[in-house]
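Numbering of the sequence shown is given in full-length UniProt numbering, commencing with residue 1 and proceeding in unit increments. We put the beta carbon where it would ideally sit given N, CA and C, even for glycine. Note that the structure is predicted; figures quoted are calculated from it, not measured. Read the structure below first, then the notes.
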Amino acid sequence: MSVVERADGAGLHEVGPGIFAWVQPDGTWWVNNAGAVAGDGGVLIVDTCATEARTRRFLGAVAEATGDAPVRMAVNTHQHGDHCYGNSLLPDDTVVFGHAAMREALLADPIIDGCPPVWTPVPDWGHVTRRPPTVVFTSELTVHLGARRVELRHPGHAAHTPGDVVAWLPGERVLFAGDLLFNGLTPLVLMGSLEGALRSLDWLAAFEPEHVVPGHGPLATASELPEILAAHERYYRFVLDAARAGRENGLTPLAAAQAADLGEFAGWADAERLVLNLHRAYAEAEGGEVDLLAALADAVTWHGGPLPTSV
């Protein structure tokens, strides 16, 4: 049920009693999904948004849907700015949770201070400041909103990033998957691991959720999840095969991407992420680390110009 819908198409959807998903079309660069869980005495926010304007719209919709219930807690599913730059707009007394690696990465993130002209238009963050989690964990943590239980879990390895967290409501079987899932868009593992992302798919399936909120793209039900996971697996294996062929032929990640046939994935938004994912695959295979600026420059070259953004 769509509770609140905005002119830009963003909407707050009640996927269970007091459980809300904030879905922002079209889900491409910097345009994420988030959520909220209401219980006795307050609300838990799952992720914020990239900019002040988007975060204020999200928090305003939550306030409207929950009768201005106080935001007691929040959790970030990972460090990327589209999921956490809006943290500073949460009330001062909101307790923010996250993985220990996520906190370290946000503290070191340079993009919030000045985004390079990789994207056009360059995102205008508005009046946001760096606000890392104040409570961190490395494996799992359970929080309670009255009788409502929310489990915050890490897959045990790097996947989309080293500090990925899902929010799982076992009683209601609702899973906020963060960017472990991109529904209908090209996944990104530039700061994570191809092999870890593959391993995370079985981990996600094991929850057996009835409703899934991906980090980007449309909401999913239990009947839709198997194909979404299967598509992710096919894509990750495609990237690994392209990386293997590229390395065998002495190609750079950019050249390997230019030589690859996207096939069934050509229709996914943000196809240039193939270049970024190949940089990660090469680094994993060679035991090195990714040069993030070089990878982004290659993605711009593959795209034929700055990357588009709806922010």
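By a C-beta neighbour count over all protein chains shown, 10 Å radius and 16 as the cutoff for buried, is residue i buried or exposed?
i       : result
Asp-298 : buried
Glu-172 : buried
Asp-202 : exposed
Arg-234 : exposed
Where does residue i sit, in a helix, a strand or coil, going by DSSP?
i           : result
Glu-140     : strand
Asp-261     : coil
Glu-14      : strand
Asp-179     : strand
residue 375 : An answer regarding residue 375 cannot be provided, because it is not within the stretch 1 to 311 covered by the chain.
Val-122     : coil
Ala-206     : coil
Arg-149     : strand
Leu-274     : helix
Gly-81      : helix
His-211     : strand
Pro-308     : strand
Ala-69      : coil
Ala-159     : coil
Ala-269     : strand
Could you tell me the boundaries of the alpha helix (DSSP H) in which residue i lies?
i       : result
Ala-294 : 292-303
Pro-226 : 225-248
Arg-56  : 52-66
Please list the terminal residues of the continuous beta strand (DSSP E) segment that includes residue i.
i       : result
Phe-20  : 19-23
Gly-42  : 42-46
Val-166 : 166-169
Ala-34  : 34-39
Give me the DSSP bridge partner(s) of residue i.
i       : result
Phe-97  : Val-75 and Val-135
His-216 : Phe-182
Thr-221 : His-211
Val-174 : Leu-169 and His-211
So does the stretch 106-113 actually touch the stretch 178-186, counting three or more Cβ pairs closer than 8 Å?
Note that the stretch 106-113 does not touch the stretch 178-186; fewer than 3 beta-carbon pairs, one per stretch, sit closer than 8 Å.
Count the CB pairs spanning the stretch 223-231 and the stretch 27-37 that are closer than 8 Å, and state whether there are at least three.
Contact between the stretch 223-231 and the stretch 27-37 is absent, because fewer than three Cβ pairs lie under 8 Å.
Say whether the stretch 119-136 touches the stretch 38-45, bearing in mind that this needs 3 or more beta-carbon pairs closer than 8 Å, one atom from each stretch.
They do not touch, by the three-pair rule.
Taking one C-beta from the stretch 260-279 and one from the stretch 82-90 each time, how about it: are there three or more such pairs within less than 8 Å?
As far as the Cβ criterion goes, the stretch 260-279 does not touch the stretch 82-90, which means the pair count is below three.
Inter-stretch contact (C-beta, 8 Å, three-pair minimum) for the stretch 47-54 and the stretch 148-161:
Contact between the stretch 47-54 and the stretch 148-161 is absent, because fewer than three Cβ pairs lie under 8 Å.
Do three or more CB pairs link the stretch 84-98 to the stretch 136-151 at distances below 8 Å?
Inter-segment contact for the stretch 84-98 and the stretch 136-151 is present: three or more beta-carbon pairs are separated by less than 8 Å.
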